[in-house]
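Structure first, commentary second.
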Amino acid sequence: NGDYTAFCTYQVAAMQGTSNTDTMNFQGFGVSGPVIPAKPEISVQQPAGSELTDGAAKKSFGTVTLGKKGTAKTFTIKNAGKATLKNLAVSKTGADKADFIVGKLSASSLAPGATAKFTVTFKPKAKGARKAAIKIASNDADENPFAIKLAGQGKAP
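Using the working numbering, the letters of the sequence shown correspond one by one to residues 46 to 202.
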């Protein structure tokens, strides 16, 4: 939970002033904090600071006129683990995947705590609802690939 607790006990004789020493004996000293996985752990945010959930995340790009580009969304990948997150790659899937432009990933390997970014832009090729997904491959043990659903609406000029 991020809270840290420390405690100690003093030598009773020193506290009562009945000892010829002011030495403290530390007993039962403990510190606790959040657990950081010993393996690589992918964390994806959009916008920065807003954690996405693998498979459940949905990003809407709104309504965009055919042939025009909407506003790009920047995705941040962070390695929240203690081992190197490797083999990072972003791919698109779905019937309307050509309507979503994925920018170049800024790194393919991340040291613990490091981040990489990429953008996604919606440019519809047809009217109506457009859907696709992006998948982020990595060496994360339980979120490979990390999937994010994409949606947008194409409108006539």
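Just so it is clear, CB atoms sit at the ideal spot from N, CA and C, and this is done for glycine as well.
Nothing here was measured: the structure is a model prediction, and the numbers come from that model.
- Following the DSSP letters along the chain, one finds N124 inside the beta strand (DSSP E) bounded by residues 118-124.
- The Cβ atoms of V147 and K162 do not sit closer than 8 Å to each other.
- In the three-state scheme derived from DSSP, where H, G and I count as helix and E and B as strand, K142 is classed as helix.
- Distance check between A101 and each of A178, A201, A182 places A178 closest, using alpha-carbon atoms only.
- Burial is judged here by how many other beta carbons sit within 10 angstroms of a residue's own beta carbon; N124 has at least 16 and is buried.
- Under the three-state reduction of DSSP, E86 is assigned to coil, being neither helix nor strand.
- Put simply, the backbone Cα of P92 is about 11 Å away from that of I122.
- A direct Cα-Cα distance of roughly 43 Å separates G112 from A128.
- A direct Cα-to-Cα measurement between V109 and A83 gives close to 43 Å.
- The way I'd put it, the region 144-159 does touch the region 170-188; three or more beta-carbon pairs between them come closer than 8 Å.
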